[in-house]
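Here the structure is laid out as structure tokens; the discussion comes afterwards.
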Amino acid sequence: MAKGEGAESGSAAGLLPPGILRGAESGRTQKGGKKQLTICSKLCYAVGGAPYQITGCALGFFLQIYLLDVAQVDPFSASIILFVGRAWDAITDPLVGFCISKSSWSRLGRLMPWIIFSTPLAVIAYFLIWFVPDFSRNQALWYLVFYCLFETLVTCFHVPYSALTMFISTEQSERDSATAYRMTVEVLGTVLGTAIQGQIVGKVDTPCIQDPDILVEEVNQTHATSSLNDTKNAYMLAAGVIASIYVLCAVILSLGVQEHREPCEKKEQPPSFFRGLRLVMNHGPYIKLIAGFLFTSLAFMLVEGNFALFCTYTLGFRNEFQNLLLAIMLSATLTIPIWQWFLTRFGKKMAVYVGISSAVPFLILVALMESNLIVTYVVAVAAGVSVAAAFLLPWSMLPDVIDDFHLKQPNARGHEPIFFSFYVFFTKFASGVSLGISTLSLDFAGYLTRGCSQPEAVKFTLKILVTVVPIGLILLGLFLFKLYPIDEEKRRENKKALQVIREEAGSSGCSDTDSTELASIL
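Quick note on this note's numbering: the sequence shown kicks off at 840 and runs consecutively.
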């Protein structure tokens, strides 16, 4: 995300082992002999961030309703698929990062081979997630295997791509500029993923069962123009379009970006992982920050995962939910620059309180109102404002925690990856738990697969999952933010202290860059 006033950039020395030498650099030369990336290089780099966001949005918003109503997986099995898939996704981040740190440089670079060779396998696995096999006995196993496989392969793409920020240029300002391009494309990718999946699938009416005692064959006869096969084909068409964009972005990234080695070789040994983990987990501000964002992130993930079912069955907008999703994402995209200005003007803690709490009145309105399409669109736009704040603020505040850690642990170096990877780990694992439990709750409430309507217990459960539970999680998260000790005054003090340390270290000829650029690359 493009950074505002007081934003710092940082070192990824801890992400990679020592012994990295300078490589040849490309780009234009500035005054003083510094290298500058071309706009073309920045655009090619930025395009590489789109696949992760596009596929993530499509899976996050549509996988649950696809499993239940199209693939006709029973709710209990669907809850297992969603939980295990998200939990495995959380585990693969540190595993892939460790494997990359042990890989050696090749003619293509150190990170680029992971991106290139994971892409074809990832698009195949992604397509097969949206394919309904002919057999039904082990259908749940099919989706579980390919969902976990895709999450592994997309991690093999996204982790090295994130670390690539440190190797496209040795100039800190150029890295920040490239990151601004990247974040712009990633936000647009969330809109694109929602639009492609939603608009293609939304063109087809999924046949539903008016009476659960009616056979599926009888239902298909009454829905000759819009069969279940049409819906399956629509999902596969959307998967094919997204897979094509994935490949195109990977090709542009690999051809348009050159990976370079770091300019200096460090002699010290990399820190022990478990010792570093102990130090990080004993840092109070980090625990309070991730605890607060854990609960607020869970709130928005619950809304995301159950939104399609809530619109379809509780509100009765079966043919409008994809447009409501698009309204949310467009609103989030347009308001991210506003929140960037707000946090630089009024401070990050104030931005957290205002941005995330602004969702609460609209969630209450959704819980209390009768089904009204116009009001629902207004609520969707307002929800996008809070989604933008939740998207931006964690990556803006984590660097402040790392700076505070470096001042309190001046001899501890290379622990930045632990801060970011474990924030991602806890968030993804918790999202898997929340999705699994919410889908299991629908099973207990008596969810009817492919039903045109659901029992009142299911409708009530969906309303609780999309309104009451997220409100409780948001309030709990905001309470934990009250305990977060790094306000704007503390942040300015830390920045001045670190600046003094860096100026002293700069005279050695091989100074460390700011730790906080990992906010951009992770």
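In this text, a Cβ means the ideal position worked out from N, Cα and C, and glycines have one as well.
Start and end of the alpha helix (DSSP H) containing Val886?
Stepping through the sequence shown from its first residue, residue 886 is reached at position 47. Val886 -> alpha helix (DSSP H) spans Ile878 to Val886.
Would you mind stating whether Ala1269 and Leu1137 have Cβ atoms separated by less than 8 angstroms?
As a first step, residue 1269 must be located in the sequence shown, where it is residue number 430. As a first step, residue 1137 must be located in the sequence shown, where it is residue number 298. Yes, they are a contact pair.
Mind reading off the beta-carbon distance from Gly1028 to Gln892? Whole number of angstroms is fine, and I expect it under 8 angstroms.
The count along the sequence shown starts at 1 and reaches residue 1028 at position 189. The count along the sequence shown starts at 1 and reaches residue 892 at position 53. Indeed they touch by this definition, with Cβ atoms about 3 angstroms apart.
Counting only the same chain and skipping the five closest in sequence on each side, list residues whose C-beta sits under 6 angstroms from that of Leu1031.
Looking up residue 1031 in the sequence shown gives position 192. Result list for Leu1031: Ile893, in chain order.
In this structure, does DSSP put Thr943 in helix, strand or coil?
Position 104 of the sequence shown, counted from the start, is the residue given in the question as residue 943. One point to set straight first is that residue 943 is Ser, not Thr, in the sequence displayed. Coil at Ser943, not helix or strand.
Would you mind sorting Ile1195 into buried or exposed? The rule is 16 or more other CB atoms within 10 Å of its CB.
Stepping through the sequence shown from its first residue, residue 1195 is reached at position 356. So Ile1195 ends up on the buried side.
Cα separation between Gly1285 and Gln903?
Residue numbering aside, residue 1285 sits at position 446 when the sequence shown is read from its first letter. Residue numbering aside, residue 903 sits at position 64 when the sequence shown is read from its first letter. The alpha-carbon atoms of Gly1285 and Gln903 are separated by roughly 16 angstroms.
Cut-off 6 angstroms between Cβ atoms - residues of its own chain near Gly1144, not counting five sequence neighbours on either side
Locating residue 1144 in the sequence shown gives position 305, where the first residue counts as 1. Gln903 and Leu1274.
How big is the Cα-Cα spacing for Gly1123 and Ala1227?
For this step, residue 1123 is matched to residue 284 along the sequence shown. For this step, residue 1227 is matched to residue 388 along the sequence shown. The alpha-carbon atoms of Gly1123 and Ala1227 are separated by roughly 27 angstroms.
Does the distance from the C-beta atom of Val1043 to that of Ala1073 stay below 8 angstroms?
One-based indexing of the sequence shown puts residue 1043 at position 204. One-based indexing of the sequence shown puts residue 1073 at position 234. Cβ distance < 8 angstroms, so Val1043 and Ala1073 count as in contact.
Mind checking whether Thr1304 and Leu1141 have CB atoms under 8 angstroms apart?
For this step, residue 1304 is matched to residue 465 along the sequence shown. For this step, residue 1141 is matched to residue 302 along the sequence shown. The residue you asked about is not Thr; residue 1304 is Leu in the sequence shown. For Leu1304 and Leu1141, yes; Cβs fall inside 8 angstroms.
Per DSSP, which one or two residues make a beta bridge with Gly1194?
Locating residue 1194 in the sequence shown gives position 355, where the first residue counts as 1. For Gly1194, which the question treats as bridged, DSSP gives no partner whatsoever.
Coil, strand or helix - Gly1186 by DSSP
On the sequence shown, position 347 is the one that residue 1186 refers to. Three-state result, Gly1186: coil.
Going along the chain, which residues of its own chain have a beta-carbon closer than 8 angstroms to the beta-carbon of Ser945, five neighbours each way excluded?
Sequence index remark: in the sequence shown, residue 945 carries index 106 (1-based). So the list reads Pro952, once near-sequence residues are dropped.
Could you spell out where the alpha helix (DSSP H) holding His997 opens and where it closes?
To locate residue 997, count along the sequence shown from 1; it is residue 158. Looking at the DSSP string, the run of the alpha helix (DSSP H) that includes His997 is Gln978 to Ala1002.
In the DSSP assignment, the alpha helix (DSSP H) including Ala1077 goes from what residue to what residue?
Residue 1077 sits at position 238 when you count from the first residue of the sequence shown. Leu1067 to Gly1095 is the extent of the alpha helix (DSSP H) around Ala1077.
Report all residues from its chain with a CB closer than 7 angstroms to the CB of Phe1201; omit the five preceding and five following residues, and keep chain order.
Taking the sequence shown and counting its residues from 1, the one referred to as residue 1201 is at position 362. Within the same chain, Phe1201 has close Cβ partners Val1218, Ala1221 and Ala1222.
With distances taken between CB atoms, is the gap from Tyr986 to Ile1035 smaller than 8 angstroms?
On the sequence shown, residue 986 is found 147 positions in, with the first residue counted as 1. On the sequence shown, residue 1035 is found 196 positions in, with the first residue counted as 1. Not closer than 8 angstroms, so no.
Just to confirm my understanding: we take Lys1071, look at its own chain, exclude 5 residues before and 5 after, and list those with CB closer than 7 angstroms. What are they?
Position 232 of the sequence shown, counted from the first residue, corresponds to residue 1071. The answer, listed in chain order, is Val909 and Val971.
For Gln1097, count the other beta carbons within 10 Å of its own beta carbon; 16 or more makes it buried, fewer makes it exposed. Which is it?
Within the sequence shown, the letter at position 258 stands for residue 1097. So Gln1097 ends up on the buried side.
Which residues in the same chain as Thr1266 place their Cβ atom closer than 7 angstroms to its Cβ, once the five residues preceding and following it in sequence are excluded?
Indexing the sequence shown from 1 puts residue 1266 at position 427. Correct list, in chain order: Leu1133 and Ser1136.
How do the region 955-974 and the region 1286-1296 stand: do at least 3 beta-carbon pairs fall below 8 angstroms, yes or no?
no
In three-state terms, what does DSSP make of Gly1271?
Translated into positions along the sequence shown, residue 1271 becomes position 432. Looking at Gly1271 - three-state DSSP - the assignment turns out to be helix.
Continuous alpha helix (DSSP H) stretch holding Leu1287: start and end
Counted from its first residue, the sequence shown places residue 1287 at position 448. Careful: Leu1287 lies outside any alpha helix (DSSP H) and carries neither H nor E.
Three CB pairs or more closer than 8 angstroms across the region 966-980 and the region 1300-1316
no
Evaluate Glu1025 with the Cβ neighbour count: other Cβ atoms within 10 Å of its Cβ, from every protein chain shown; 16 or more gives buried, anything less gives exposed.
The residue given as residue 1025 occupies position 186 in the sequence shown. Glu1025 comes out buried.
How about Phe1258 and Ile1241: are their beta carbons less than 8 angstroms apart?
Your numbering for residue 1258 matches position 419 in the sequence shown. Your numbering for residue 1241 matches position 402 in the sequence shown. Cβ distance < 8 angstroms, so Phe1258 and Ile1241 count as in contact.
If you compare alpha carbons, which of Asp1239, Ser1277 and Phe1318 is closest to Arg1330?
Against the sequence shown, residue 1330 aligns to sequence position 491. Considering only alpha carbons, the answer is Asp1239.
Can you give the beta carbon distance from Tyr1020 to Leu882, rounded, assuming they're within the 8 angstroms contact cut?
As a working note, residue 1020 is residue 181 in the sequence shown. As a working note, residue 882 is residue 43 in the sequence shown. Indeed they touch by this definition, with Cβ atoms about 6 angstroms apart.
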